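Chains as they are written, first to last, in this note's numbering: chain A, 63 to 328; chain B, 63 to 328; chain C, 63 to 328. Glycine included, each C-beta is placed from N, C-alpha and C at the ideal position. As the structure is a prediction and not an experimental result, all values here were calculated from the model. One structure below.
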Amino acid sequence: MLKASGIITMITDFGDRDYFVGAVKGVILSINPEAKIVDITHNIAPGNIQEAAFTLLNCYSRFPEGTVHYCVVDPGVGSERSPLLVFNQKYYFIAPDNGVVYPAVKGTNYWAIDIYDMGERYLSRRVSSSFDGRDIFAQAAALLSRECNLDSLGELSREINVFELPLPKFRDLNLVGEVIHIDRFGNVISNITRREIRRLAKPCILIKGFRIDKEYEYYGQAPVGVPFYIQGSAGYIEISMRGHRADRFLKAKVGDEISLSGEADG
Amino acid sequence: MLKASGIITMITDFGDRDYFVGAVKGVILSINPEAKIVDITHNIAPGNIQEAAFTLLNCYSRFPEGTVHYCVVDPGVGSERSPLLVFNQKYYFIAPDNGVVYPAVKGTNYWAIDIYDMGERYLSRRVSSSFDGRDIFAQAAALLSRECNLDSLGELSREINVFELPLPKFRDLNLVGEVIHIDRFGNVISNITRREIRRLAKPCILIKGFRIDKEYEYYGQAPVGVPFYIQGSAGYIEISMRGHRADRFLKAKVGDEISLSGEADG
Amino acid sequence: MLKASGIITMITDFGDRDYFVGAVKGVILSINPEAKIVDITHNIAPGNIQEAAFTLLNCYSRFPEGTVHYCVVDPGVGSERSPLLVFNQKYYFIAPDNGVVYPAVKGTNYWAIDIYDMGERYLSRRVSSSFDGRDIFAQAAALLSRECNLDSLGELSREINVFELPLPKFRDLNLVGEVIHIDRFGNVISNITRREIRRLAKPCILIKGFRIDKEYEYYGQAPVGVPFYIQGSAGYIEISMRGHRADRFLKAKVGDEISLSGEADG
């Protein structure tokens, strides 16, 4: 049985100006005053499941085992999509069944339960159909953070909706990927991994008409004003610039094509 | 006697880039290292009492009893307006006497004390006349979160400045309200409540020249690109759109007129 | 020996939309689940050491003794610059050796240790050269927040890189300073202190072609729409306006010249 750490992380698109985050934290602390709520971000672009999935994927495993990850980006709020508890041997995830947790649990031995099937204790009186983050997900997260008797919770299932971060594909001899994130510094993060680039001799990246074949290990090595690539902190190839935002220089945005060519190594 | 929960929530207009929030949290933790500080928002528009009052009203009651709500939006900082502790049977509020807590405590059995009258322990050496959030309010919040002996605190009063969120009025047969909030998703929140709309048959909302008579229970039910109304999570009628920001489509902003017409039901 | 308070504050330029803050908090809580992480700001302008140093300087001393201040604004990430623990009799600072903590520790009896010299326990497996905030600084902060046996940590040094906030200079009879910060309210903060202005009779401030000789103690005293100066909460002279953003009115930005003239008092 996975012991709760008492930590609840939050990834949401609720923003940082509204009462939404406050209402959720209040519900959690009323149920478990000892819960340790950790803000990851509330600034996921509204309804952007890919951005939330990417964020969760790149930090969830840093937390202690037994952490509850509350990941509520829920464009289908109120509809038939189920509110879920997903768990594996290390973590709990509270999220709508729209695939947002899939990249994080994929490849692990995970199970899911519909929160509506978790028994009366888990069901608050729902006062609205537009804020399940407060009325359903917060309560489930708080109860889980306090205890963890999953035995009697309801029927376990492996069936959750799948959302895959886009994967690069081969076209002729090139690996064709896409931009999956732009970070705060303007770094352009691709979905091409280090492993893929290491297979090639003389790798070269093509994006928005630019050919980029200079690699540096860290930003300070690079000359100012010339785009280069780096093996980024999330394991992906990133295009960066020293002293400039690479995204603006390249006019790149999420979804743009980024491809890798080179000679097969060895 | 209301037992302190040890939780201090923060609603401020200090922003999320300055040292202001850090200084306040430091003062609080120096007095009560066990305090649990909960960020609600620091991004209230500068000096906007209505926005702060609306935010507080819509989440304060979700917190455990004995929570201290630090709500400092204080355009009159340094002037004769009093720094207040307001409390009722469930919560403490630390705020300037500009009405910001009034909508939350209205209708409850509340009492107020001027922090200047709360005795020497509550008075720090004020180093500036422009940051009472740090120099006065933080100390009071921290002391209250640690203990709660209000017996000897000073003279209780019912006299606090009143700030009312705008209420809709009847004009001919229409209920004329206004936009009181735009949320992160572009939803346009009116001050017309569900109760008022339920009284009418064939209700119709007028805003910025648009007639809106479609109601949905949740966003996913609606067709894309057509404004509709919904009974929002704060209890008010909201204008929303699926796949668009309703505020931009309607060119609506806080303070705009929004009115309700229909036929009296029954 | 400085006893750890268990509090770790964070000042970073990681932004509030990425996974960066989440990853750091996860690493910290995995090492010290009891750590109390306090967000000061993650919105320092990317790579802006002056802004981070100013923020740290103006709030670090409000925290309980034994607090660990994690201050990671690190344009030289991955390069030869050392990751440091700096400490004095009251606080620990975890930061790159780029001077960012210097204004806070200047004038105190401080010591520094290169984190790379702190022994194997402090060295995580570095997975990237571009996110030392997660891979090096977080671990050091977490270990320090849990214990504080500095005896065996490694060689102490006084040699850290110096970064000075700009100081005003005399030119003829005027004191010539500069704008060192614009706050959320549009207040224009100079590097001229109260002490300097108190030395003068009839002080007058010159900025961007405006002569400002009205001083008020707090904002509410001033007439609307006229710039004035105030002795700000950080100890510096600030230019403010009631009902307007002074920075926009004056078209002032960080680095602009602001000078003080007057008659020597007494």
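Measuring alpha carbon to alpha carbon, tell me which residue in the options is nearest residue i.
i: residue 322 of chain B; options: B/200, B/302, B/233; result: B/233
i: residue 109 of chain B; options: B/69, B/75, B/247; result: B/75
i: residue 112 of chain A; options: A/90, A/137, A/125, A/92; result: A/137
i: residue 247 of chain A; options: C/105, C/149, C/204; result: C/105
i: residue 183 of chain A; options: A/209, A/168, A/163; result: A/209
i: residue 319 of chain A; options: A/230, A/282, A/263; result: A/230
i: residue 90 of chain A; options: A/203, A/140, A/65; result: A/203
i: residue 284 of chain A; options: C/192, C/263, C/66; result: C/192
Name the chain C residues whose beta carbon is nearer than 7 Å to that of residue i?
i: residue 145 of chain B; result: The premise fails here: residue 145 of chain B is roughly 13 Å from chain C at the closest Cβ pair, so nothing lies under 7 Å.
i: residue 138 of chain B; result: 282
i: residue 255 of chain A; result: Per Cβ cutoff of 7 Å: no residues; residue 255 of chain A is ~13 Å from chain C at best.
Residue i touches chain B at which residues, Cβ-Cβ below 7 Å?
i: residue 191 of chain A; result: 279, 280
i: residue 245 of chain C; result: 80
Name, please, each residue of chain A whose Cβ falls closer than 8 Å to the Cβ of residue i.
i: residue 83 of chain B; result: Result: empty, since nearest Cβ-Cβ is about 12 Å, beyond 8 Å.
Check the Cβ-Cβ distances between residue i and every residue of chain C, and say whether any is below 8 Å.
i: residue 261 of chain B; result: no
i: residue 125 of chain A; result: yes
i: residue 133 of chain A; result: no
i: residue 317 of chain A; result: no
i: residue 294 of chain A; result: yes
i: residue 117 of chain A; result: yes
i: residue 110 of chain A; result: no
Short of 7 Å in beta carbon distance, which residues of its chain neighbour residue i, apart from the five on each side in sequence? Order them along the chain.
i: residue 116 of chain C; result: 227, 242, 243
i: residue 88 of chain A; result: none
i: residue 68 of chain C; result: 96, 97, 98, 207
i: residue 259 of chain A; result: 265, 299, 322
i: residue 143 of chain B; result: 158, 159, 160
i: residue 101 of chain B; result: 72
i: residue 281 of chain C; result: 302, 304
i: residue 238 of chain B; result: 230, 231, 319, 321
i: residue 222 of chain B; result: 146, 148, 159, 164, 174
So residue i contacts chain A; which residues on that side make the cut at Cβ distance below 9 Å?
i: residue 71 of chain B; result: 84, 87, 88
Quick one: using the 10 Å Cβ neighbour count with 16 as the cut-off for buried, is residue i buried or exposed?
i: residue 253 of chain B; result: buried
i: residue 312 of chain A; result: buried
i: residue 273 of chain B; result: exposed
i: residue 308 of chain A; result: buried
i: residue 294 of chain B; result: buried
i: residue 201 of chain A; result: buried
i: residue 132 of chain A; result: buried
i: residue 79 of chain A; result: buried
i: residue 124 of chain B; result: buried
i: residue 240 of chain A; result: buried
i: residue 296 of chain A; result: buried
Counting only beta-carbon separations shorter than 8 Å, does residue i have a partner in chain A?
i: residue 160 of chain B; result: no
i: residue 77 of chain B; result: no
i: residue 120 of chain B; result: yes
i: residue 130 of chain B; result: no
i: residue 242 of chain B; result: no
Mind pulling the chain C residues with CB within less than 9 Å of residue i?
i: residue 286 of chain B; result: Within 9 Å Cβ-Cβ: nothing; residue 286 of chain B doesn't reach chain C, min ~26 Å.
Taking 8 Å as the CB-CB cut-off, is residue i touching chain B?
i: residue 196 of chain A; result: yes
i: residue 230 of chain A; result: no
i: residue 141 of chain A; result: yes
i: residue 156 of chain C; result: no
i: residue 100 of chain C; result: yes
i: residue 105 of chain C; result: yes
So which residues of chain A does residue i contact, with C-beta pairs closer than 7 Å?
i: residue 92 of chain C; result: 124, 125, 126
i: residue 170 of chain B; result: Those do not exist, as residue 170 of chain B stays about 17 Å from chain A at its closest Cβ, beyond 7 Å.
i: residue 67 of chain B; result: 95
Whose Cβ in chain C lies nearer than 8 Å to the Cβ of residue i?
i: residue 74 of chain A; result: By Cβ distance, chain C contributes nothing, its closest Cβ being about 12 Å from residue 74 of chain A, past 8 Å.
For residue i, I'd like the list of residues in its chain whose CB is within less than 8 Å of its CB, leaving aside the five on either flank, ordered along the chain.
i: residue 305 of chain A; result: 286, 287
Just to confirm my understanding: we take residue i, look at its own chain, exclude 5 residues before and 5 after, and list those with CB closer than 6 Å. What are they?
i: residue 291 of chain A; result: 267, 274, 277, 299, 301
i: residue 83 of chain A; result: 76, 104
i: residue 170 of chain B; result: 150
i: residue 220 of chain B; result: none
i: residue 224 of chain C; result: 161, 164
For chain F, check one thing: does any of its Cβ atoms lie closer than 8 Å to the Cβ of residue i?
i: residue 278 of chain A; result: Although the question refers to chain F, the structure presented lacks it and instead comprises the protein chains A, B and C.
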